[in-house]
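In the working numbering, the protein residues as written are 681 to 1071. Even for Gly, the Cβ is constructed at its ideal location relative to N, Cα and C. Given the structure is predicted, the values throughout are model-derived calculations rather than measurements. This report refers to the structure that appears directly beneath it.
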């Protein structure tokens, strides 16, 4: 699919993600700021877990709320809450620093409760017959933006603006940038009201074997990635290999290149080969986890993350399309919120677990992830058989 063939509303939505992509460097800046402030990797993981405990109960109720109101309102709230959170990080100095960090990250976790609305919005705004092609663009353009933005920002914060004061000013700047993204959402994204989303008057849904398998896969998939989060990569590259944030952003750069390449490959794979493609993707991700578990030099980190993200991005359009096929449009936001709440419960203690494993050995979290990814490869082959029986 060419860019000029992408529907207008889908274009506006994809461009929004392209605009905000460089801002996601905050996900690295925050834990790095904490580590530079004296927190250990274990303490950072414990901090993130403590906030997780506060945020869990509200996710599902938020999804039910947005069954009745436009999803775009939720997308605007995400940017507004994140903007406030980033500004609070900017005031994390002196005696009030722990309080500002805690309040800011709690707000950021509250905003993640609305993240299922992204998937709900995508399920509605991307025509069913074109989803795989649209997801390729959904990955490609934001990754190009992130590739450029992360390398520039990584160099600046790795070699030029390296003090804690610079990081605090950056948090405030990113927070104020949310004013622009909120205006963009309000102006250019269409509302998706209840009347546009409900296709029938009755709602009947049966949790069959395929959906049960999805729940198992979601649990393992979330757990496998959550055990090797940003804090694990930062700890290994910066504090074990003695590199800077710029080298971490080089890792993100190869991730973006792998994603962009995978989108062009996935476009050429027939839909009927979706499950086999997902299994191949899981195998490549397993190979990434194997390389990282061996504690190799930095060059191998770049190779590992390229392989892992290529596999992940290759399988993404087919996996997301399969998930959407199992979720009825009648309750789209509620189901995505329920799945998100389910993932949050599964991963409630993973930041602490990741920090604990990394405190024993910096690459130990990758080894545990490796076991889970290998299991997922086999589960997707089984999922293909279950899906064929349904047909």
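Answer yes or no: do residue i and residue j have a C-beta to C-beta separation smaller than 9 Å?
i	j	result
residue 824	residue 936	yes
residue 832	residue 702	yes
residue 987	residue 999	no
residue 855	residue 769	yes
residue 961	residue 724	no
residue 990	residue 908	no
residue 821	residue 982	no
residue 913	residue 928	yes
residue 651	residue 1063	This structure gives no information on residue 651, because the portion of the chain shown stretches from 681 to 1071.
residue 681	residue 952	no
residue 720	residue 905	no
residue 837	residue 850	yes
residue 924	residue 816	no
residue 1030	residue 842	no
residue 890	residue 686	no
How would you label residue i, buried or exposed, when you count the other beta carbons within 10 angstroms and need 16 or more for buried?
i	result
residue 1053	buried
residue 780	buried
residue 846	exposed
residue 752	buried
residue 901	buried
residue 958	buried
residue 1056	buried
residue 714	buried
residue 707	exposed
residue 897	buried
residue 772	buried
residue 756	buried
residue 683	exposed
residue 788	buried
residue 945	exposed
residue 812	buried
residue 1081	This structure gives no information on residue 1081, because the portion of the chain shown stretches from 681 to 1071.
residue 1004	buried
residue 1076	In the structure displayed, the chain extends from 681 to 1071; residue 1076 sits before or after that span and is not available.
residue 844	exposed
residue 693	buried
residue 877	With a pLDDT of 42 at residue 877, under the threshold of 50, the modelled position of this residue cannot be trusted; read the value that follows with caution. Label assigned to residue 877: buried.
residue 800	buried
residue 793	buried
residue 1024	buried
residue 774	exposed
So which of the options has the shortest CA-CA distance to residue i?
i	options	result
residue 871	1017, 791, 721 and 802	802
residue 790	769, 776, 889 and 732	732
residue 917	930, 804 and 1050	930
residue 688	806, 721 and 758	806
residue 997	818, 1060 and 860	818
residue 711	993, 919, 681 and 954	919
residue 786	767, 804, 797 and 773	767
residue 704	729, 759 and 730	759
residue 727	1004, 911, 963 and 928	911
residue 1001	842, 895, 810 and 762	810
residue 778	808, 717 and 924	717
residue 797	750, 788 and 816	750
residue 868	690, 889, 1065 and 1058	690
residue 1060	956, 971, 1007 and 1004	956
residue 922	1042, 795 and 729	1042
residue 915	783, 763, 754 and 1045	1045
residue 950	963, 699, 995 and 971	995
residue 1020	903, 1005 and 830	903
residue 932	892, 1058, 984 and 966	984
residue 761	839, 830, 693 and 858	858
residue 940	1068, 853 and 992	992
residue 763	775, 783 and 774	783
residue 722	1058, 1032 and 1047	1032
residue 1072	853, 866, 1058 and 775	This structure gives no information on residue 1072, because the portion of the chain shown stretches from 681 to 1071.
residue 926	980, 827, 814 and 1039	827
Where do the N-terminal and C-terminal ends of the alpha helix (DSSP H) with residue i fall, by residue?
i	result
residue 1031	1030–1040
residue 851	844–868
residue 833	811–835
residue 703	Careful: residue 703 lies outside any alpha helix (DSSP H) and carries neither H nor E.
residue 986	978–1006
residue 782	777–792
residue 802	796–805
residue 757	751–770
In chain order, what are the residue ranges of uninterrupted alpha helix (DSSP H) at least 4 long that sit wholly in the stretch 905–954?
910–914 and 925–946, all fully within the stretch 905–954.
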